[in-house]
Amino acid sequence: MLNYINAITEEKSYSGLQMKEFKPVMKLIIRGKKREFLSAIGKSLNLLLPTESNTSSRSDKLTALWLSPDEWMIYSNETINSESNEYGTENLLNKNISKTNLGAVTDITDQFVLINLKGDKIYDLFETGSPFNFNDFRNKEGSVAQTILAKIDIIIHNQNPNEVNLFVRRSFSQHLFSWMNDSASRL
Amino acid sequence: MFVINCPYCGEREQSEFKAGGEAHIIRPKQPTELSDDQWAEYLFMRKNIKGIQFERWVHTHGCRKWFNVVRDTSNDVIKAVYKMGEKPPTK
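Chains W and Y, in that order, are what the protein sequence lines are.
According to our numbering, the first sequence is numbered sequentially starting from 856.
According to our numbering, the second sequence is numbered sequentially starting from 113.
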């Protein structure tokens, strides 16, 4: 993670809702279709990629989100060293996946911003600006959805009933965060 | 506005998708041997039926996969959804 001027600088708190950026977190997109790809990932990371739609899997250090039948996002559960742009996981996957032509690995650490939301009003906030039906999502821990919030593409990951991780592209993050603050102040 | 059942993600609202025009148009094997009229027929001419139409859609704000939809254009009722490469339902 390089030292950028961050779009989201503060932690916001409302009744039943807290929002803050969680950083720095390593994020990777991996793509591949072959069965060997799935087993190579499993062996390299000690993590089985979820093959069922809208689900995720988790190991001690990493979480894998299902994005599409041949695409997953992997992110670190804990924060990483902010001084370096080198990630052990990425290097390992480059060696075992990219160089053996099983699939593609892309570093998106600096492309996506992770916003952590906590509280019992998360879904009240989402429902003000998203066409997605959250009924199944909110009841199933670990579920993942890619949808729109205030016309911005987001990826959301259900941590537990009162906590959601939200990924948004960096260029949209400031606008989305200010929109969420506006919306949350009227809940 | 209507709901589309994405074959990969499940039911989502229409605003997450983009329409990609008529489905099952086959590219001519030898484009160089066609007349301009035949090429234009392939390239531009599309059906615009009031009733059952076969269309391609893409889940732009979701899994970004293309798939086919059988839609009644008169009332937006979706009769079937099937993946790319699969045969269209006959009924």
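Each residue gets a CB set at the ideal place from its N, CA and C atoms; glycine is no exception.
These figures come from a predicted structure and were not determined experimentally.
Any beta carbon of chain Y sitting closer than 8 Å to that of residue i?
i: W:Leu922; result: yes
i: W:Asp1008; result: yes
i: W:Pro905; result: no
i: W:Pro986; result: yes
Chain Y partners of residue i, CB-CB under 9 Å?
i: W:Ser998; result: Ordered by position in chain Y, no residue passes the 9 Å Cβ test against W:Ser998, which lies about 11 Å from the chain.
i: W:Gln1001; result: Cys121, Glu128, His171, His173, Gly174, Cys175 and Arg176
Of the choices the options, whose alpha-carbon is the least far from that of residue i?
i: W:Phe892; options: W:Ala959, W:Phe967 and W:Phe992; result: W:Ala959
i: W:Gln938; options: W:Arg1024, W:Ala1005 and W:Met881; result: According to the sequence as given, residue 938 of chain W is Glu; it is not Gln. Closest by alpha carbon: W:Met881.
i: Y:Asn117; options: Y:Pro200, Y:Tyr194 and Y:Thr202; result: Y:Tyr194
i: W:Asp915; options: W:Asn901, W:Trp921 and W:Pro924; result: W:Asn901
i: W:Trp927; options: W:Ala919, W:Glu933 and W:Arg1041; result: W:Ala919
i: W:Phe877; options: W:Tyr930, W:Phe1027 and W:Phe989; result: W:Tyr930
i: Y:Tyr93; options: W:Asn946, W:Asn994 and W:Asp925; result: Limits of chain Y in this structure are 113 at one end and 203 at the other, which puts residue 93 of chain Y out of reach.
i: W:Arg993; options: W:Ile1003, W:Lys875, W:Pro879 and W:Pro1016; result: W:Pro1016
Could you list which residues in chain Y have their beta carbon closer than 8 Å to that of residue i, in chain order?
i: W:Asn909; result: Cys121 and Gly122
Determine, for residue i, whether the minimum Cβ-Cβ distance to residues of chain W falls below 8 Å.
i: Y:Glu198; result: no
i: Y:Glu167; result: no
i: Y:Glu134; result: no
i: Y:Glu125; result: yes
Could you give the C-beta distance for residue i and residue j, rounded to a whole number, given that I count them as a contact under 8 Å?
i: W:Gln873; j: W:Lys973; result: 5 Å
i: Y:Arg139; j: W:Ser923; result: Not confirmed; about 26 Å, so no contact.
i: Y:Val170; j: Y:Lys130; result: 5 Å
Answer with yes or no whether the minimum CB distance from residue i to chain B is below 8 Å.
i: W:Ser912; result: Looking for chain B here will not work: the only protein chains present are W and Y.
Is the segment 908-922 of chain W in contact with the segment 985-1001 of chain W, if contact means three or more CB pairs nearer than 8 Å?
For the pair of segments examined, the segment 908-922 of chain W was found to touch the segment 985-1001 of chain W: the number of CB pairs separated by less than 8 Å reaches three.
Decide yes or no for the touch test of the segment 883-897 of chain W against the segment 118-131 of chain Y: beta carbon pairs closer than 8 Å, at least 3 of them.
Between the segment 883-897 of chain W and the segment 118-131 of chain Y there are fewer than three C-beta pairs closer than 8 Å, too few to call the two in contact.
The segment 1014-1026 of chain W / the segment 962-976 of chain W touching (three or more Cβ pairs under 8 Å):
In short, these stretches touch, since the Cβ pair count reaches three.
Assess, as a yes-or-no matter, whether the segment 1026-1037 of chain W is touched by the segment 153-162 of chain Y under the definition of 3 or more beta carbon pairs within less than 8 Å.
No, the segment 153-162 of chain Y does not touch the segment 1026-1037 of chain W.
Three-pair Cβ contact test at 8 Å for the segment 1003-1010 of chain W versus the segment 983-995 of chain W:
Flag = yes, the segment 1003-1010 of chain W and the segment 983-995 of chain W touch.
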